[in-house]
Structure formats: C-alpha cells, structure tokens
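In our numbering, the protein residues as written are 472 to 900.
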C-alpha cells in the first residue's frame, strides 16, 4: 500500500533534459529565478502577520485590550487574507502579477499607517484585519503563480517552496526588529515604520514580476517539452469545484494550517514562561523552521509525491501537538525544549504552504492557477480564524493552560491525515 501511495501521487517527470531551459526562451531560466527571488522578497516583507504574538503583548499593555480582543485583528487578517486570494487570484490571472502585487503593497502600507495613529479597537480591526489582510492576499497571490510558470513540472515543489519560504522566514528578522522598534519607537512608531517599508519593498519588487510569453509557460499544453500532469490539468474553477479532490484538500489544509496558526498566534506568550524577555528567539527560530519546512517539503514532494509527503507532515504535526502539552504546561519549562518544539511545529506548518499550491498546479494546471489556488487557500484563513480564536477561548477559561487546545488540534490533524490518504488526482476536466 505504501508503494502505491508514493507512485500514485509522484509528479510527472519531464524526460527531456533540455525542456525546462527551452521553455520561455525570451527570459530563460535566469529570468525565472529573478521572478522567483522577487516573489520571495515580497513575501519576506508581507510576513509581518507572523509577528502578531509580539504585537499582542504591546497592545495589551498600551490599549488595555483583553481576552478575545487581542486576537481579533489577527484572526480577521487571516480570514480576509485568505478570501482576498480569490479576487486577487483572478486579478493575477487577468491583469498580471506586477499590478496585483503593487496593489498589495499599497494596501498593507495604508493599513499599517492607519493603525499607527490610534488605539481604537474598531480601527485596528479595520486597518490590520481588513486592509493589511487584503494587501497580503494581493501580494501573496501574485508571487507564486508568476514563478511557477517559468519552470517545468519537476521543479514545482522546489519553486513553490522557495517563493513561500519568504513569508515563513520573515519573523526571523522581524522578531528582533520588532523588539527593537517597540523599545525605541513604541507600538505606533513600529507600525508606521513597517507600513512605509511595505510600500517601498513590495511595490519595488513587484516591478520584477512577469509571466513568460503567452503559450510558452512551462508545464502548460503547448509549451515545448512540457509533460501533462493530471487529466484535469487546465480546469477552470467551476470544474475544479466539482471534483472530490478539491474538498479533501480543503479539509486537510484547514487542519494543517489552522493548527500551525493557532501556535504562531501565541508563541511569544508561550515562550515567556521559560525564556522571559528572550521569547523573541523562539519566534525567530519557529520562523526558520517554517521557511525550512516549505522548501524541504516542496523538494521531498517532487521526489516521493505530494500525498505521501502531506500524510507524513500531518501525522508528525499531530504528535508534536501532544508533545507540546508538557513543554508549555510545565511550571519550570526548559527553554531548549520550548525552542525545539516551536521550531518543529513551524517546520510542519510551513510544509503545507508549498504542498497545496503544488497540488493545485498538478491537478488543475496553470491556466486558472491564481483563482483555483485562491479558492483552496480559503481553508488557510478559516482554519486560522477558527483555531486561533478557539485556543484563545479555551486558554482564557482554563487559566492559561494550553492542554485542551493542543489535544483538540492533534485530533483534527489526525483526521486531516486520514483525508490526505484518500486524495486522488481528478479524472476528468
């Protein structure tokens, strides 16, 4: 059974060694890597979302917010980010990645500038939850499709992993930078600085995003040397939504992403028990694990198949959730155990972010990739909203104990693993 699991989901191999270098001759592989690294840079700038656990503590001190209020802007940002991916994906497919990413940079910068001027809960929900969330959606949706179109099927996981690694890696530099800005400029000054930075970096790098000439996108029908993937490759959204594979992937994504976001939203507070003021180190190392998981899972899935890799990731994450209970609940927690657990949870969470776009390309092709992946990505937003808020409620009513939320997340991940086992490529368009 295990051999079939790997063989059935192994991406199609391009047997022509020259095929990938011949696709998109006007730009070539070098241009493809320029687009890939520009997308990675954009995601590095958009990763401010993952430092919310540090902002949350400063917000509580400065504005006096409590309980669920502290998570609402973050949870709404995740949800808006995810659902904006549908509109932004359509925009990317029709208008191109350059304009789409530029819109994203302006929205993120505007949202952060808005909340830098006030402590109003409503304004923060609007500015961070809606504007920043929408901006991240536009920026994020533009980066991966543009890069994938320059490369053939054998590099799908690698390229997707490299691009999205920027988003996961961002807290590695944003965590110490956020601590410095909060200490030197305060909460509002930090937000304004990040807002200006988002406009400059995202809008600047957006100008480097370009798709290959029409009809020359690697992996598409008609591209020289391209190898067909699933029988439904090239399916529009309506056809995708009629396949069981979409719903199985959506539910597995909900579990994998939701559990990871639940921990990310609170990691700084969890680490404070054992690390005190050095808790930002756990945030940064979790980010390194997050980024490494995206690249590693992408490469591994190119070798052994998407489904086998996803199954492995979800089972490991379920076990880590259970292992985290004694680590976070101990009265004298050991810092090294906190850091290792956070890093591994980040690694498994990050793997989802390269696997699911790769599934989307394999199953439904590149023609409507932006919109198709946008629809699948709603699972990420709903998972983040539901599980992060669920955890906040459970920990508030249990005096800060994370055991119940970790146990529930572990069970959900095992269910996701069962669903992953059932995933099969769609048969028809």
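Don't be surprised by glycine CBs; every beta carbon is placed ideally from N, CA and C.
- In the three-state scheme derived from DSSP, where H, G and I count as helix and E and B as strand, residue 510 is classed as helix.
- Residue 555 is positioned such that its CB atom lies no closer than 8 Å to that of residue 516.
- Counting only runs of 4+ residues, the alpha helix (DSSP H) found wholly inside the stretch 560-622 occupies 568-586, 592-595, 604-619, in chain order.
- Residue 713 carries a coil assignment under DSSP once its states are collapsed to helix, strand and coil.
- Under the three-pair Cβ rule at 8 Å, the stretch 878-894 does not count as touching the stretch 552-568.
- Annotation for residue 862: the continuous alpha helix (DSSP H) segment containing it runs 840-868.
- Here residue 872 carries a coil assignment [DSSP, helix/strand/coil].
- With at least 16 other beta carbons inside 10 angstroms of its own, residue 778 counts as buried.
- Just so you know, the alpha carbons of residue 661 and residue 652 end up roughly 5 Å apart.
- For residue 542, the three-state secondary structure derived from DSSP is coil.
- The alpha carbon of residue 610 has as its nearest neighbour, out of 720, 634, 893, the alpha carbon of 634.
- Separation of the CB atoms of residue 574 and residue 676 is rounded to 14 Å, and the pair is thereby denied contact status at 8 Å.
- If you draw a 10 Å sphere on the C-beta of residue 866, you find 16 or more other C-beta atoms in it, and that means buried.
- Note that the C-beta distance between residue 734 and residue 816 is below 8 Å.
- A Cβ-Cβ distance of about 6 Å is found for the pair residue 572 and residue 680, placing them in contact under the 8 Å criterion.
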